[in-house]
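Residue numbers (my numbering): 377 to 575.
No residue lacks a Cβ here, since even glycine has one placed at the ideal position from N, Cα and C.
This report refers to the structure that appears directly beneath it.
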């Protein structure tokens with residue numbers, strides 16, 4: 377019943393590259409497991425191999441709430457954007473990911489070092505990644521996906537150029553668990569299926 381798994385999280389570094397949050401866990405889950413007796417790799421045991429056996433794609437999710445502070449400076453710098461995209465491609469080549477998911481929380485969000493410039497720079501970052509994915513796609517003849525996790529809060533959405541990024545992304549994941557929260561004047565379900573009866 378699952379079509380895509382987002383493997384979270386990899387995190388951005390100051391120079392623009394990305395790394396796994398827990399490299400030891402990445403090695404166990406994303407590479408072949410090791411036979412505890414012989415020390416030899418066990419074939420066909422990685423998460424991605426097993427997912428692919430069931431026609432499930434695995435995307436690398438980068439960022440998250442606690443690790444979005446570096447996105448503004450990376451997105452603002454053409455060299456760092458290029459290094460970021462190159463690092464994404466390296467992870468695809470190393471592990472066999474099927475695409476990239478960007479979880480920048482949120483462009484323009486000042487507590488995470490954001491500024492109004494993020495609106496345009498987010499476009500540039502996504503386009504740089506898309507261009508890199510298109511290059512590797514011609515080499516491997518595999519389709520690589522690009523998605524982004526976007527906020528549900530209208531104040532955050534207003535700081536994103538939705539019209540432009542929808543032309544770059546394959547799909548968008550809306551953070552529906554944030555429809556309501558501590559920032560609201562009334563208590564309500566954080567992931568409602570329907571409009572509240574009042575409010």
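Simplified DSSP state of residue i, which is helix, strand or coil
i           : result
residue 567 : coil
residue 523 : strand
residue 433 : strand
residue 421 : coil
residue 546 : coil
residue 479 : strand
residue 452 : helix
Residue i versus residue j: straight-line alpha-carbon distance, rounded
i           : j           : result
residue 535 : residue 483 : 6 Å
residue 629 : residue 430 : Nothing about residue 629 can be read from this structure; the chain reaches only from 377 to 575.
residue 559 : residue 381 : 30 Å
residue 392 : residue 450 : 6 Å
residue 383 : residue 436 : 5 Å
residue 335 : residue 413 : No answer is possible for residue 335: the residues shown for the chain start at 377 and end at 575.
residue 444 : residue 408 : 30 Å
residue 489 : residue 452 : 12 Å
residue 405 : residue 432 : 16 Å
residue 476 : residue 573 : 38 Å
Nonlocal neighbours in the same chain, by C-beta distance under 6 Å from residue i, ignoring five residues either side
i           : result
residue 506 : 522 and 544
residue 465 : 508 and 512
residue 448 : 489, 490 and 494
residue 576 : With the chain represented from 377 up to 575, any question about residue 576 goes unanswered, as that position is not in the structure.
With 16 other Cβ atoms within 10 Å as the buried cut-off, status of residue i
i           : result
residue 479 : buried
Same chain, Cβ closer than 7 Å to residue i, neighbours up to 5 away in sequence not counted
i           : result
residue 485 : 532
Assumed close pair residue i, residue j - CB separation to whole angstroms, cut-off 8 Å
i           : j           : result
residue 394 : residue 424 : Their Cβ separation, rounded to whole angstroms, is 17 Å, which puts residue 394 and residue 424 out of contact at 8 Å.
Chain-order list of residues whose beta-carbon lies under 8 Å from that of residue i (same chain, five-residue window excluded)
i           : result
residue 563 : 556
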